[in-house]
Amino acid sequence: MEPPPRPNKQKTWLLCEPVTVLDQRTSDTISDTQQPRADSPEGDKEFEQGTSQLSDKIGDTQQPRADSPEGDRKSEQGTSQLSDNIGDTQQPRANSLVRNRKSKKKTSPLSDNSSDTQKARAKSSEGSSDVEYCGRKLLLANIYFEEKMPKVIGDYVNVHIFTLPNGARDIRHAKDAADKLKKGSEENALGAIGEPESESTLLSALKCLDTSGLRVDYQGGWIPSLKPPGTEHLDDARPQISVGLSDEFLAHAMETTTGIYVPMAFLSTLQEDLTLISNPRGNLYGPRFPFLIVEEGENLHQAQNKAAVSGAIALRMLKGLREFNGPKHTQGSDHKQSEFTLDVVFSIVTEGSVHELWVHTDYFPDGKSDGKSPKVLMARLSAYRNAVTWNCVALSRRIQAILKWGKGEFTDKVVSMLEWEA
């Protein structure tokens, strides 16, 4: 007997596994092993037996009906358990929802609550407020910033101050000061821990220069009543560094000029009586008639605003000295503003490694007072970056020239006004 022929398989691909489909030629081969049909007598008997067995199995595991007493009890138990489970995961009561909302407040790296955004906005706000302070409050106090220096001021500064001769000792001192400025810049660039506040870079440079006869003061608040009048409140002056005449040097200069010894207790008495303010600190150890001020700020605008107020106070003390000594030293209506009568003080504003040199003066635009109050003018002379070596040298030479001028012509001007009173 020959074996039955092998069926031809045709594969139909569905979503998962291939299913084998037999063609008509193989139907006779498997007819002997086919199960009885369900509509045949034999099939009916087997179907009834299977149905009976299935009913018995279902009866053993069937749950009671919901409308039966037993079903009601079990339904109630299930409902109770479900309620307990839901109660464990329920949200808090309404009176605690506010607290939960606060604790679940969303935060985003781009939201306003991020620390970087807050710092950036605070810095921007500070910069805007500094510009507004300059454009409003200082102008109302008759303080003006000038990018271009008037000719009369430029001539005075260049001829009487920055052309003073320097000896070998002065050159050596200027080099030492420049080295201090450069070293301070390098330390800041490396992020090294700086010196104490009283030992700032500029103060270290000042100590390298000749400050004999001068009083170098730092971090001292000035008398608030000396601020220029205005309709807007000005910040109190508290310069980082101020340089003025010492009591001993001023007394010696007066004795040399007049031949009469005038004790500095005389000026202290006038200051206590508020007749003449010569010391902005209001104590026995402050500088007399400061002429160089150093201000530092978080930005240049802030430092400039501070220097504007401090410079105006220094000029008011010189103006008060003129008015105290009568019309001889007062700029009258017919008085032409000359080089010698020009009251001048200087300031250095700094932010990081950037330093700006400014000059302050009471300035009449037309050269005559005509009974009007002068402008308190603040003009920038130059700017320096102490990361550049030649900038450090140039700045140290400028500071040195200002100190020499302070001990020379500036002192002579103060003595000439005190001489009349003495």
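Position one of the sequence shown corresponds to residue 1 (full-length UniProt numbering), numbered consecutively onward.
Backbone N, C-alpha and C fix where the C-beta goes; we use that ideal spot for every residue, glycine too.
None of the values given here were measured: they were computed from a predicted structure.
Should residue i go down as buried or exposed, given a rule of 16 or more other Cβ atoms within 10 Å for buried?
i: Leu274; result: exposed
i: Lys148; result: exposed
i: Asp155; result: exposed
i: Ile143; result: buried
i: Gln240; result: buried
i: Glu295; result: buried
i: Tyr261; result: exposed
i: Ala178; result: buried
i: Ser396; result: buried
i: Ala237; result: buried
i: Ala265; result: exposed
i: Pro224; result: exposed
i: Gly184; result: buried
i: Ser382; result: exposed
May I ask you to report which of helix, strand or coil DSSP gives residue i?
i: residue 424; result: Lying before the first or after the last residue shown, residue 424 is absent from the chain, which here runs from 1 to 422.
i: Ile399; result: helix
i: Tyr384; result: strand
i: Tyr156; result: helix
i: Ser268; result: helix
i: Met378; result: strand
i: Val262; result: coil
i: Gly406; result: helix
i: Leu342; result: coil
i: Thr389; result: helix
i: Arg281; result: coil
i: Asp170; result: helix
i: Asp362; result: strand
i: Ala307; result: helix
i: Asp236; result: coil
i: Phe324; result: helix
i: Ser204; result: helix
i: Asp210; result: coil
i: Ser274; result: It is Leu, not Ser, that sits at residue 274 in the sequence shown. Coil.
i: Ile161; result: coil
Looking only at DSSP bridge pairs, what is residue i linked to?
i: Glu295; result: Val349
i: Ser242; result: Asp217 and Ile293
i: Ile223; result: None; Ile223 has no bridge partner.
i: Phe145; result: Met378
i: Leu357; result: Ile348 and Ser382
i: Arg288; result: Leu245
Measure the alpha-carbon distance for residue i versus residue j and round it to whole angstroms.
i: Asp412; j: Ala253; result: 8 Å
i: Ser416; j: Gly259; result: 13 Å
i: Ser347; j: Arg380; result: 9 Å
i: Val359; j: Ser242; result: 14 Å
i: Asn166; j: Ser129; result: 43 Å
i: Val216; j: Gly244; result: 7 Å
i: Asn386; j: Leu202; result: 10 Å
i: Pro150; j: Val414; result: 24 Å
i: Val152; j: Ala394; result: 23 Å
i: Lys407; j: Leu214; result: 7 Å
i: Lys227; j: Ala312; result: 7 Å
i: Leu300; j: Arg398; result: 20 Å
i: Asp343; j: Asp362; result: 6 Å
i: Gln219; j: Phe410; result: 24 Å
i: Leu181; j: Leu357; result: 15 Å
i: Tyr384; j: Ser200; result: 17 Å
i: Ala205; j: Ala308; result: 23 Å
i: Trp390; j: Ser310; result: 29 Å
i: Asn188; j: Leu138; result: 32 Å
i: Cys392; j: Glu298; result: 21 Å
i: Gly221; j: Glu323; result: 25 Å
i: Phe145; j: Met378; result: 5 Å
i: Val376; j: Asn279; result: 20 Å
i: Leu418; j: Ala303; result: 33 Å
i: Val345; j: Pro374; result: 15 Å
> For the 8 Å Cβ check, are there 3 or more pairs between the region 159-168 and the region 393-408?
Replying inline: yes
> If we count Cβ pairs, one from each stretch, closer than 8 Å, do we get three or more for the region 309-328 versus the region 207-214?
Replying inline: Between the region 309-328 and the region 207-214 there are fewer than three inter-stretch CB-CB distances shorter than 8 Å, so the stretches are not counted as touching.
> Contact between the region 281-301 and the region 236-254: three or more CB pairs below 8 Å?
Replying inline: yes
>> Whether or not the region 166-177 and the region 346-363 are in contact is what I'm after, with contact meaning three or more pairs of Cβ atoms, one per stretch, closer than 8 Å; do they touch?
In response: By the Cβ test, the region 346-363 is not in contact with the region 166-177, since fewer than three Cβ pairs between them sit closer than 8 Å.
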